[in-house]
Amino acid sequence: MLEGCVAWPVELAEHYREKGYWRGIDLGEWWRGCADEFAVGTALIEGSRQWSYRELDAWVERLEGGILEVGLEPGQRVLLQLPNKAEFVALCLAFFRIGVIPVLALPAHREKEIRHLAEASQAVAYVIPDTHLGFDYRPMARTVLDNVETLRSVFVVGEPGSFAPFSALEGEPRPVPAPAAEEVAVMLLSGGTTGLPKLIPRTHNDYLYNARTSAERAGFTADTRYLAVLPVAHNFPLACPGLLGTFDAGGAVVLCPDPSPDTAFALIEKEGITVAALIPTLVRVWLEFAPLTEADLSSLTCLQVGGARLKVEVAAQVGEILGCGLQQVYGMAEGLLCMTAPGDPESLVLNTQGCPISPGDEVRVVDDQGRDLPDGEIGELLVRGPYTLRGYYRAEEHNRRSFTEDGFYRSGDRVRRLAGGYLVVEGRDKDIINRGGEKVPVEDVENHLLSHPSVADVVLIGMPHNTLGECNCACVIARGEAPRLSELNAHLSASGLAAYKLLDRLEIIDRFPLTRLGKVNRRQLAEQFHARVAL
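Under our numbering, think of the first position of the sequence shown as 79, with each following residue one higher.
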């Protein structure tokens, strides 16, 4: 396995193979099998562009040749930051087949995050769009290229400017040795409570099992037409079941350029979409606009919802307003995936986040002393299993805190387990704000705010928000004249933070409430403003 990664213990790995969880197939070989089996079926649609499985595979083969021609080699990391474009899909499949490891950045990430990811992964190349949603990625790429020692090339989908065009990655197909199924296939990003995401290495064995098993739980078939609404670099739309799960079943993936109801509803009607996946923030928006649309949404049979807990009141409206079934999904890029299933009682679908997809998932709910709790009591979720990582990439110190001695991952999520293994997610232990499905690390934003001359001290809290679920509120003790919200956001933007980390609210206060140990009482501070403000 790649140096810096933590492998499963030998006896557990053998157990997972014996049980058939791991099939010894790399994602490149798996994709070739899909292309052979579903050859003339529609695989991918983006706007006016469409590919059958056979046509997409031909593109993947050309990319394999081009990737090798530009000097990329198995085991090297490439930072991939693309929106929902077909180039993302084809390039990932080509990387899987060669053994080059894509590091999946989100379109919303900016210089601070991108530079960190490039350095942490030791990336040798960086793939970007020219522009997306009004942001030009090329100046940022120039800065990152000039400051990251390992990075040597940038490829651009669109107008390349001073960089290489995406077409430079296409060449003549050539035979490619298959990577080992035990090797790392892709690096996903953690939610990161310290500001900068950690890298999550997922192997061919475990990530294929993740996608295939979740597709089985969701009931995906060759008739599935999956609308990829969320950024496809997220674990949820990529493999839970997402793109990879749809391909495994022989269905069609339709890439949605933005999540607005106007765009998505038009595609549902045009392409006969049967399944879409959203975060709770977007569910609310869709429910608000669905009664007003003229689009025919009758093809939609299932709405998957994950990324944060869906309120019961909202969940109950999905069938009534959208006319489709609801599937709750709770998972993490680190591994464990829970889902409700078609045919589950309504009480479970509305009130829980599902149960683990694999009989190999080992789940514990523990108290603050690490003692197992009985069903029904709230505690921290610990998990290990055939698709849950054993350690973050090159993060020995953090791994010592995040894993038990016997390999259970400490999720930081507080859950209740019901009879039958179904989980109800109650919140987080860590200082993190879930803003519309994007995880905002409190410490990172606070550190940047403290560098502003008008900020003597600051605590960032999550405030309730009807659309986002939570929004970012800075409680500031001012130094001299109190800063304005726009002033602080300009400061954060200049520091290179992603847009979702900017402030939604600013509260100027004289002092922070303290615990008995003299620490800031974040909970009391949040309750103080929650009681005063209703968004």
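All residues carry an ideal CB built from backbone N, CA and C; glycine is no exception.
*Buried versus exposed, by CB contacts within 10 Å (16 or more), W79*: In the sequence as presented, Trp is not what sits at residue 79; that position holds Met. By the neighbour-count rule (16 or more Cβ atoms within 10 Å), M79 is not buried but exposed.
*Report back the beta-carbon spacing between Y304 and V331 to the nearest angstrom; my notes put them in contact at under 8 Å.*
5 Å
*How long is the line joining the alpha carbons of N512 and A394, rounded to whole angstroms?*
22 Å
*asked:* Just list the residues that DSSP pairs V598 with in beta bridges.
replied: L592
*With DSSP run on the structure shown, which of helix, strand or coil describes K348?*
helix
*Would you report the Cα separation of E440 and F481, rounded to the nearest angstrom?*
14 Å
*asked:* Can you tell me whether F213 is helix, strand or coil according to DSSP?
replied: strand
*Extent of the continuous alpha helix (DSSP H) to which W137 belongs*: 131-147
_Q159 - DSSP class collapsed to helix/strand/coil_ = coil
*Under the rule that 16 or more other beta-carbon atoms within 10 Å means buried, what is R589, buried or exposed?*
exposed
_Report the CB separation of A289 from P319 in whole angstroms; it is logged as a contact under 8 Å._
6 Å
_If I follow the unbroken alpha helix (DSSP H) through A296, where does it start and stop?_
282-296
*Residue range of the beta strand (DSSP E) that includes Q382*: 380-383
*So what's F343 in DSSP terms, helix, strand or just coil?*
helix
*K389 to G350, Cα distance in whole Å?*
28 Å
*Check whether the Cβ atoms of K579 and G269 lie closer than 9 Å to each other.*
no
*Mapping DSSP to helix, strand and coil, what is C433?*
strand
_Same chain only: Cβ atoms within 6 Å of F116, ignoring 5 sequence neighbours per side_ = Y131, G328
_Once DSSP output is grouped into helix, strand and coil, what is the label at Q447?_
coil
_For the beta strand (DSSP E) containing T120, name the first residue and the last one._
120-124
*Alpha carbon to alpha carbon, how far is Y99 from G403?*
29 Å
_Assuming the contact rule is C-beta atoms closer than 8 Å, L277 and S199 should be a hit. Round their C-beta distance to whole Å, please._
6 Å
*When you compare only the Cα positions, how much space is there between V383 and E294?*
17 Å
*Completely contained alpha helix (DSSP H) runs for the region 502-559, where each covers 4 or more residues*: 520-528
*Inter-residue CB distance, R387 and V503 (contact presumed, cutoff 8 Å)*: 5 Å
_Assess contact between the region 248-264 and the region 446-459, defined as three or more Cβ pairs (one per stretch) separated by less than 8 Å. Is contact present?_
no
*What first and last residue would you give for the beta strand (DSSP E) that runs through R488?*
487-495
*With C-beta atoms as the reference, is V234 less than 9 Å away from A242?*
yes
*Among G239, E189, R562, which residue has its Cα nearest to the Cα of E221?*
It should be noted that the sequence gives Thr, not Glu, for residue 221. The shortest Cα separation from T221 among G239, E189, R562 belongs to E189.
*Would you kindly work out how many angstroms separate the C-alpha atoms of D104 and V88, rounded to a whole number?*
19 Å
*Identify which residue in L563, L322, R468 has its Cα closest to the Cα of A168.*
L322
_In DSSP terms, what A203 is bridged to_ = V156, S231
*Close Cβ partners of W108 (< 6 Å) along its chain, the five nearest in sequence each way excluded*: L286
_C-beta contact flag for R479 and R488 at 9 Å_ = yes
*Looking at the structure shown, is L150 part of a helix, part of a strand, or coil, going by DSSP?*
coil
_Given this structure, state the Cα-to-Cα distance separating N567 from H526, to the nearest angstrom._
10 Å
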